[in-house]
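Student: Taken in order, these protein sequences are the chains called A and B.
Here the first sequence is numbered in this note's numbering, starting from 1 and rising by one per residue.
Here the second sequence is numbered in this note's numbering, starting from 1 and rising by one per residue.
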Amino acid sequence: MSTLHTVNKSPFERSSLASCLAHVAQGDAVLLIEDGVTGARRGSSFAEALHAKSPVCAIYILAPDLAARGMKAEDVIEGAKFVDYGGFVDLVAEKTRVVAWL
Amino acid sequence: MRFGIVVNEGPYTHQASDSAYQFAKAVLARGHEIFRVFFYHDGVNNGTRYTVPPQDDRNLQKLWSELAETHKLDLVVCIAAAQRRGILDANEAKRQGKDGDNIAPGFRISGLGQLIEAGIQSDRLVTFGD
Chain A
1 MSTLHTVNKS PFERSSLASC LAHVAQGDAV LLIEDGVTGA RRGSSFAEAL
51 HAKSPVCAIY ILAPDLAARG MKAEDVIEGA KFVDYGGFVD LVAEKTRVVA
101 WL
Chain B
1 MRFGIVVNEG PYTHQASDSA YQFAKAVLAR GHEIFRVFFY HDGVNNGTRY
51 TVPPQDDRNL QKLWSELAET HKLDLVVCIA AAQRRGILDA NEAKRQGKDG
101 DNIAPGFRIS GLGQLIEAGI QSDRLVTFGD
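(1) Would you call the CB atoms of A:GLU74 and A:ARG42 closer than 9 Å?
(2) For A:GLU59, collect the residues of the same chain with a Cβ closer than 6 Å to its Cβ; drop the 5 residues on either side in sequence, then sort them by chain order.
(3) State yes or no: is the beta carbon of A:GLY86 nearer than 9 Å to at least one beta carbon in chain B?
(4) Taking only runs of the alpha helix (DSSP H) that begin and end inside the stretch 31-74 of chain B, which ones reach a length of at least 4 residues, in chain order?
(5) Let me know the secondary structure DSSP gives A:VAL119 once reduced to three states.
(6) Alpha carbons only, please: which of A:ALA18, A:PRO64 and A:VAL56 is nearest the one belonging to B:SER19?
(7) Helix, strand or coil for B:ARG4? Go by DSSP, reduced to three states.
(8) To the nearest angstrom, how far is the alpha carbon of A:LEU21 from that of A:ARG97?
(9) Quick one, are the C-beta atoms of B:ARG36 and B:ILE103 less than 9 Å apart?
(10) Quick check on DSSP: helix, strand or coil for A:PHE46?
(11) What residues from the stretch 37-62 of chain A come within 9 Å of chain B, judged by C-beta to C-beta, listed N to C?
(12) According to DSSP, is A:CYS20 helix, strand or coil?
(13) Flag A:LEU102 as yes if its beta-carbon sits less than 9 Å from any beta-carbon of chain B, otherwise no.
(14) Three or more beta-carbon pairs under 8 Å between the stretch 82-100 of chain A and the stretch 12-26 of chain B, yes or no?
(15) Going along chain A, which residues have a C-beta under 9 Å from B:ARG30?
(16) Under 7 Å between beta-carbons, which chain B residues line up against A:GLU34? List them in chain order, please.
(17) Find the nearest neighbour of A:GLU78 within the set A:SER54, A:TRP101, A:SER10 and A:VAL92, judged by alpha-carbon distance.
(18) B:MET1: which of A:VAL92, A:TRP101, A:VAL99 and A:LEU102 sits nearest, CA to CA?
(19) Closest to B:TYR40 by C-alpha separation, out of B:SER122, B:ALA118, B:ASP123 and B:ARG124, would be which residue?
(20) Just to make sure I have the definition right: I need the residues of chain A whose C-beta is within less than 9 Å of the C-beta of B:GLN121. Which are they?
(21) Where does B:ARG95 land, buried or exposed, given buried means 16+ other C-beta within 10 angstroms?
(22) Does DSSP put A:ILE33 in a helix, in a strand, or in coil?
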């Protein structure tokens, strides 16, 4: 059983990303959406925590939300994967359940 | 696959309703089915037809109503959350002694049981909120 975790707030505003990363299991995926995409900024204090989880679970970023915030692929951590809304739907279908860290 | 969608935030305050709308469109574009969209807490504010945003801004209520009409979606507004926020249909307006109703086309007011049912009947339940 694998879970898709969605995080929609900046880790500098809420603790939802930290809580999420403390609960992910092998084979899960984390999708950063809305302000959550800022958590993946390269060089930020959360970049290392996210990177450390990459052997456990894949990190995805909703590309339209990243672009809406003026950020580009090279602004975020290495290894992160990008999806559009269609890819978001595919991730939901691929995993057995979804947890929104609100 | 059958999807249920929960929207916990109103339009224009947070991105949640925009995200949920874009997600719902993508679900349909992928050929999946949407069993129900349940509007809870401040999410009920998506369902008032008196929404009049500036003309160059998106009208989320209208977008939801149009999506519901095109794809025969079931948009359900939580009754307790709706009454607190002044969202009424004709029946509720009459029952509460109010002089008018404001529920938007394609939306209907019902109870939390509809959320539970959406959780049971859908293969995936995806929540958008603050």
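In this text, a Cβ means the ideal position worked out from N, Cα and C, and glycines have one as well.
Tutor: On the basis of the supplied data:
(1) Within the first sequence, residue 74 of chain A is the residue found at index 74, counting from 1. Within the first sequence, residue 42 of chain A is the residue found at index 42, counting from 1. Result yes, Cβ atoms of A:GLU74 and A:ARG42 sit closer than 9 Å.
(2) By one-based count along the first sequence, residue 59 of chain A stands at place 59. Contrary to the premise, residue 59 of chain A reads as Ile rather than Glu in this sequence. Closer than 6 Å at Cβ, skipping near neighbours: VAL30, LEU50 and ALA80.
(3) One-based indexing of the first sequence puts residue 86 of chain A at position 86. Residue contact with chain B for A:GLY86: present (Cβ-Cβ distance below 9 Å to some residue of chain B).
(4) Here the runs fully enclosed are 60-71.
(5) Since the first and last residues shown for chain A are 1 and 102, residue 119 of chain A lies out of range.
(6) Walking along the second sequence from the start, residue 19 of chain B turns up at place 19. Taking only the C-alpha atoms, the option nearest B:SER19 is A:PRO64.
(7) Translated into the one-based positions of the second sequence, residue 4 of chain B becomes position 4. Here residue 4 of chain B turns out to be Gly, not Arg, going by the sequence shown. In the structure shown, B:GLY4 sits in a strand (DSSP, three-state: E or B).
(8) Translated into the one-based positions of the first sequence, residue 21 of chain A becomes position 21. Translated into the one-based positions of the first sequence, residue 97 of chain A becomes position 97. Spanning the alpha carbons of A:LEU21 and A:ARG97 requires a straight line of approximately 16 Å.
(9) If you number the second sequence from 1, residue 36 of chain B lands on position 36. If you number the second sequence from 1, residue 103 of chain B lands on position 103. Not closer than 9 Å, so no.
(10) Your numbering for residue 46 of chain A matches position 46 in the first sequence. The three-state reading of DSSP puts A:PHE46 in coil, since its state is none of H, G, I, E or B.
(11) Near chain B, meaning a CB-to-CB distance below 9 Å, the residues of the stretch 37-62 of chain A are LEU62.
(12) The residue you call residue 20 of chain A lines up with position 20 of the first sequence. Secondary structure at A:CYS20: helix, using DSSP grouped into helix, strand and coil.
(13) For the purposes of this step, residue 102 of chain A is taken as residue 102 along the first sequence, with counting starting at 1. Chain B contact via Cβ: present.
(14) With the cut-off at 8 Å, the stretch 82-100 of chain A and the stretch 12-26 of chain B touch.
(15) Working through the second sequence from its first residue, we reach residue 30 of chain B at position 30. Proximity of chain A to B:ARG30 at the Cβ level (cut-off 9 Å) is accounted for by GLY86, VAL89, ASP90 and ALA93, in chain order.
(16) What you label residue 34 of chain A is simply residue 34 of the first sequence in a count that begins at 1. Those within 7 Å of A:GLU34 in chain B are GLN15 and SER19.
(17) Here residue 78 of chain A refers to the residue found at position 78 when the first sequence is read from its first residue. Nearest C-alpha to A:GLU78: A:SER54.
(18) Within the second sequence, the letter at position 1 stands for residue 1 of chain B. Among A:VAL92, A:TRP101, A:VAL99 and A:LEU102, the Cα nearest to that of B:MET1 is on A:VAL92.
(19) Your numbering for residue 40 of chain B matches position 40 in the second sequence. Checking every option, the nearest Cα to that of B:TYR40 belongs to B:ALA118.
(20) Counting from 1 along the second sequence, the entry for residue 121 of chain B is found at position 121. The contacting residues do not exist; B:GLN121 stays about 15 Å from chain A at best.
(21) Locating residue 95 of chain B in the second sequence gives position 95, where the first residue counts as 1. Result: exposed.
(22) By one-based count along the first sequence, residue 33 of chain A stands at place 33. Reduced to three states, the DSSP call for A:ILE33 is coil.
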